[in-house]
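43 is the number of the first residue of the sequence shown in the numbering used here; add one for each residue after it.
A virtual CB, placed ideally from N, CA and C, is assigned to each residue, including glycine.
What follows is a short report on a single structure.
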Amino acid sequence: MSRERIENEVTGNGGVRVAEGGARKQQTYQLFVLGQLMDKSLHGYMLRDFLCNVLGPFRQISWGALYPLIRQLERDGLIALDIEGDARQCNTEASGRQRKRYRITDAGRERFLAMMLEPDEYTVDTPELFLIKLIHFKYVSSEQQLAILQHYLGYLRMVENYTQMQQRRKENHQESYKDIDFTHILRGISLRLHGVQAELQWVEQEIARVADDAG
């Protein structure tokens, strides 16, 4: 299905599709859209391109997920069509249909800052949400940056503790179950532990840097 058809379906008078990924994923994408609109108005296709760049090559967001999200933000009064921006650019597709340009509202700015500062419950989506917050750090104070970093540090420490516990359990099993080879299982756990500890080190360095810059 083409992007044009999807946009027509989700912006018409009919029902809006449920976006993929659940409520937490929706929250992450909403934060991204609001953050990208803080400085300037943007077209929907640019928002999708920017988000896909952030998520990486294997974690993409479809048009069918993005446009319902945009429409929801618009209905909630958090963003609005930027009529003046559209008129200035006169950016029209070959079909003659004008691309919709969006801007953030005052309510949207308040919501963005509230979402940035809200400590999320730790879930599988926590790393992605932290990344979205991290790229928008310029909109919050040093003290607020530290709070976000400390919160994510807590998540990483929890993952580290869990992984170390699994490592110890498998080592104990290796002693008890001589007929089972735990070699590669332990190597897999070691790989994960090294990744978590590398990220922990990075976050701790960021905390020290931000604290030092704040004086």
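Closest residue to Val-166 among Ser-218, Tyr-197 and Gln-187 (Cα-Cα distance): One-based indexing of the sequence shown puts residue 166 at position 124. Ranked by Cα distance from Val-166, the first of Ser-218, Tyr-197 and Gln-187 is Tyr-197.
Can you tell me which of Leu-123, Lys-67 and Met-158 puts its alpha carbon nearest to the alpha carbon of Ser-83? Residue numbering aside, residue 83 sits at position 41 when the sequence shown is read from its first letter. Closest in C-alpha terms to Ser-83, from the list Leu-123, Lys-67 and Met-158, comes Leu-123.
Look up Gly-237 in the DSSP assignment and say whether it is helix, strand or coil. As a position in the sequence shown, residue 237 is number 195, starting the count at 1. Looking at Gly-237 - three-state DSSP - the assignment turns out to be helix.
Please look up how many angstroms separate the CB atoms of Leu-173 and Val-252, rounded, as I've assumed it's under 8 Å. Taking the first residue of the sequence shown as position 1, residue 173 is located at position 131. Taking the first residue of the sequence shown as position 1, residue 252 is located at position 210. Contact between Leu-173 and Val-252 does not hold, since their C-beta atoms are separated by about 16 Å, which reaches or exceeds 8 Å.
Could you check where the alpha helix (DSSP H) with Arg-117 kicks off and where it finishes? To locate residue 117, count along the sequence shown from 1; it is residue 75. Unbroken alpha helix (DSSP H) run through Arg-117: 105 to 117.
In this structure, how does DSSP classify Tyr-144 when only helix, strand and coil are distinguished? To locate residue 144, count along the sequence shown from 1; it is residue 102. Correct three-state label for Tyr-144: strand.
Less than 8 Å separating the beta-carbons of Met-200 and Tyr-164? Along the sequence shown, one-based indexing puts residue 200 at 158. Along the sequence shown, one-based indexing puts residue 164 at 122. Yes, they are a contact pair.
Roughly how many angstroms lie between the CA atoms of Pro-99 and Glu-160, to the nearest whole one? Position 57 of the sequence shown, counted from the first residue, corresponds to residue 99. Position 118 of the sequence shown, counted from the first residue, corresponds to residue 160. Cα-Cα distance, rounded: 28 Å.
Going by C-alpha to C-alpha distance, which of Thr-168, Glu-241 and Asn-203 sits closest to Arg-66? For the purposes of this step, residue 66 is taken as residue 24 along the sequence shown, with counting starting at 1. When each option's Cα is compared against that of Arg-66, the closest is Thr-168.
In this structure, does DSSP put Leu-73 in helix, strand or coil? Within the sequence shown, numbered from 1, the residue matching residue 73 stands at position 31. If DSSP states are grouped into helix, strand and coil, Leu-73 belongs with the helices.
Any chain D beta carbon closer than 8 Å to Met-157: Going by chain labels, chain D is absent from the structure shown, which holds only one protein chain.
How would you write the range of the alpha helix (DSSP H) that Leu-120 sits in, first residue to last? Along the sequence shown, one-based indexing puts residue 120 at 78. Counting along the chain, Leu-120 falls outside any alpha helix (DSSP H), and DSSP gives it neither H nor E.
In whole angstroms, give me the CA-to-CA distance for Ile-48 and His-226. Taking the sequence shown and counting its residues from 1, one reaches residue 48 at position 6. Taking the sequence shown and counting its residues from 1, one reaches residue 226 at position 184. Here Ile-48 scores only 34 on pLDDT, less than 50, and its place in the model should not be relied on; the value that follows carries that caveat. Approximately 46 Å, taken between the alpha carbons.
Considering only C-alpha positions, which residue in the set Leu-111, Gln-192, Arg-151 and Leu-73 is nearest to Trp-244? Here residue 244 refers to the residue found at position 202 when the sequence shown is read from its first residue. The shortest C-alpha separation from Trp-244 is found at Gln-192.
Between the region 142 to 153 and the region 212 to 229, can you find at least three pairs of beta-carbon atoms closer than 8 Å? no
Under a Cβ-count criterion, where at least 16 other Cβ atoms within 10 Å of its own Cβ denotes burial, should Arg-211 be classed as buried or exposed? Counting from one through the sequence shown, the residue named residue 211 turns up at place 169. So Arg-211 ends up on the exposed side.
Where does His-85 fall in DSSP's three states? Reading the sequence shown from its first residue, position 43 is the one you call residue 85. If DSSP states are grouped into helix, strand and coil, His-85 belongs with the strands.
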